[in-house]
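Step one of this worksheet: look at the structure below.
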Amino acid sequence: MDRASAGVTRRWLFADQLGPHFLGPPERPGDDGREEVLLVESRAAFARRRYHRAKAHLVLSALRHRAAELGDRCTYVRAEGYAEAVASVREELSVVDPTSWGARALVRRLGAHVLPSRGFVTSEADFARWAEGRRHLRQEDFYRDARQRTGILMVDGQPVGGRWNLDADNRLPPPRGAATLGLPEPRWPVEDDIDAGVREDLDRWEREGLSFVGRDGPRRFAASREEALACLQDFIEHRLADFGPYEDAALTGDWPMAHSLLSVPLNLGLLHPLEVIDRVVAEGSARGVPLNSIEGFVRQVMGWRDYVWHLYWHFGPDYVTGSNALGATTPLPAWFADLAADDVRARCLSTALAEVRDRGWNHHILRLMVLGNWALQRGYEPREVTEWFTASYVDGYPWVMAANVVGMALHADGGRMATKPYAAGGAYIKRMTDFCRGCAYRPDVRVGESACPVTAGYWAFIDRHVDLWSRHPRMAQPARGLARLADRDAVVAQEAARGHAPP
Ligand SMILES: Cc1cc2nc3c(=O)[nH]c(=O)nc-3n(C[C@H](O)[C@H](O)[C@H](O)COP(=O)(O)OP(=O)(O)OC[C@H]3O[C@@H](n4cnc5c(N)ncnc54)[C@H](O)[C@@H]3O)c2cc1C
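Residue numbers (my numbering): 1 to 503.
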């Protein structure tokens, strides 16, 4: 009798399901009874897009570290595709519902027994109940509901400290004149033989014709559970206290600032967001970390991360391909797609692109207010931008990109997610970063040699859609501002002439 007919089940884990909570039955995640596991390394998965090499490295390193941990409980299949790998095992397979529309269809097609999804604070059923009958799915309302449901940072049904939202305390610009926040350097993972093997394989794959973008420098993000827990501890000890106030600030010489660098291990499934939140709340409070930092962090993980996850399913499989409310059709220029930071003179853009080239990572404000804002202003095609973010970022997955890129950065869904576009001129970048210092352009100049392309681009963007903005409750003010610009025609003509060359 083979094992399938004997009723033995093996757990198939995707590469973003690598923590202990993806094993065990639905009622006791993590309690795995030494369950047997299937891990698949699919080379075809890396051929679908031109991925950042550091991302390919991380995914392979994480898969192989997990296989080493599981030892002989794990069947590790190297195959071109998943169907081939699944066909090679004899047991029935169970799988936690995966994280993309495509993978969900695949596991059903291949006949695996599908368990409810894991890896988020709130369940898909929780979200459905919350969303039912609501006209607007506001992130703030979702977050408050999740706080009440979980009791996190709550006392007697009220938010700890008396306020739900401490964002007003969390918008400090970087300290004046500082090159860095002056925090200890994050604790970096130490590469091992597994990483060396991954590098060799990636070199070979490249020689055989697979194409990557970006540099595969020393690995900066956690690829095993042990590393992920150490990274969390390091964040709590050294950066959490400054996380809140400097959340939105950026410095050229300090790429991590006070951010957690946890999106990679969270999205690989190495850490459960609730364990991260519980430790940040308990240890942060014990260390006297100010509430605005603790709450600001909980808001990111439980508020934003869960919210964009649920929106991915709520908006449906055609959200990315079918959203282009602003009629944006500009193909991604090669300098942007290829991360050619050194060809760019505008320091905000060159810094952000260099960070992506070197590590496949930026913190939120560079993604949203530098690169996203630029793509919005220049009318880059939303599907191409989404593909670019998904392939270029070490923490990028389809579920996290949909709402962040299409909804938040590009406003391509016509306001289903964000009530107004996150469009800004150079003044915002000057206030919140040091990028304008020493830049060839001046954020307060709209026309001429030193005109800031972000400032001029902002007004050209407002001009392009002025009829729409004039009727928009939250954009009517910039539309009126545009009408008052004496040099409006010159700005628009200048930006049209700039074309899509690197600024
Ligand atoms: C255009 C754009 C693209 C983005 N792409 C990704 C992506 O590919 N993968 C990704 O995980 N996040 C993405 N984000 C959200 C956010 O920028 C990153 O999660 C964050 O910068 C990761 O760094 P960190 O772990 O140090 O985060 P921290 O600033 O320390 O925040 C803590 C955690 O909160 C979560 N988080 C915060 N904001 C968001 C958000 N908007 N969406 C989802 N999770 C959030 C992340 O898990 C993050 O690790 C994107 C945002 C924008 C605007």
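Every residue, glycine too, gets a C-beta built ideally from N, C-alpha and C. Here the structure is a predicted model, which is why all the values come from computation and not from measurement.
- Cβ of residue 90 within 8 Å of Cβ of residue 37? no
- Secondary structure of residue 263, DSSP reduced to three states: helix
- Endpoints, the beta strand (DSSP E) within which residue 79 is located: 74-79
- Going by alpha carbons, who is nearest to residue 257 out of 263, 267, 266 and 240? 240
- Task: From the DSSP output, read off the bridge partner residues of residue 330.
- Result: 380
- Message: My output table needs one value for residue 159: the three-state DSSP class, helix, strand or coil.
- Response: strand
- Query: Assuming residue 414 and residue 325 make a contact with CB atoms under 8 Å, what is their CB distance in whole Å?
  - Reply: 3 Å
- residue 484 to residue 446 span [Cα, whole Å]: 14 Å
- Simplified DSSP assignment, three categories, for residue 9: strand
- Task: Determine contact between the region 296-307 and the region 139-147, defined as no fewer than three beta-carbon pairs at a distance below 8 Å.
- Result: yes
- Message: Let's test the definition: count the other Cβ atoms within 10 Å of the Cβ of residue 75 and tell me whether it reaches 16, buried, or not, exposed.
- Response: buried
- Message: Residues in the same chain with beta-carbon distance under 7 Å from residue 511, minus the five sequence neighbours each way, listed in chain order, please.
- Response: No answer is possible for residue 511: it lies beyond the span of the chain, which begins at 1 and ends at 503.
- Separation of residue 182 from residue 18, as counted between CA atoms: 34 Å
- Take residue 307 and list the residues in its own chain whose beta-carbon comes closer than 6 Å to its own, dropping the five residues that flank it on each side. 139 and 142
- Query: Hey, out of 314, 54 and 281, whose CA is closest to residue 129's CA?
  - Reply: 314
- Query: With respect to the alpha helix (DSSP H) encompassing residue 310, which residues constitute its N-terminal and C-terminal limits?
  - Reply: 306-315
- Item | Short Cβ contact (8 Å threshold) for residue 22 with residue 379 | no
- Task: Quick one: grab the DSSP three-state call for residue 41.
- Result: strand
- With distances taken Cα to Cα, identify the nearest neighbour of residue 523 among 488, 45 and 503. A query on residue 523 cannot be resolved here, the shown segment of the chain reaching from 1 to 503 and no further.
- Message: Which same chain residues end up closer than 7 Å to residue 150 when comparing Cβ atoms and leaving out the 5 residues on each side of it in sequence?
- Response: 121
- According to DSSP, is residue 171 helix, strand or coil? coil
- Task: Go to residue 123, then tell me how far its beta strand (DSSP E) extends in each direction, as first and last residue.
- Result: Residue 123 -> no beta strand (DSSP E), and no H or E assigned at all.
- Beta-carbon separation (whole angstroms), residue 422 vs residue 372, contact threshold 8 Å: 7 Å
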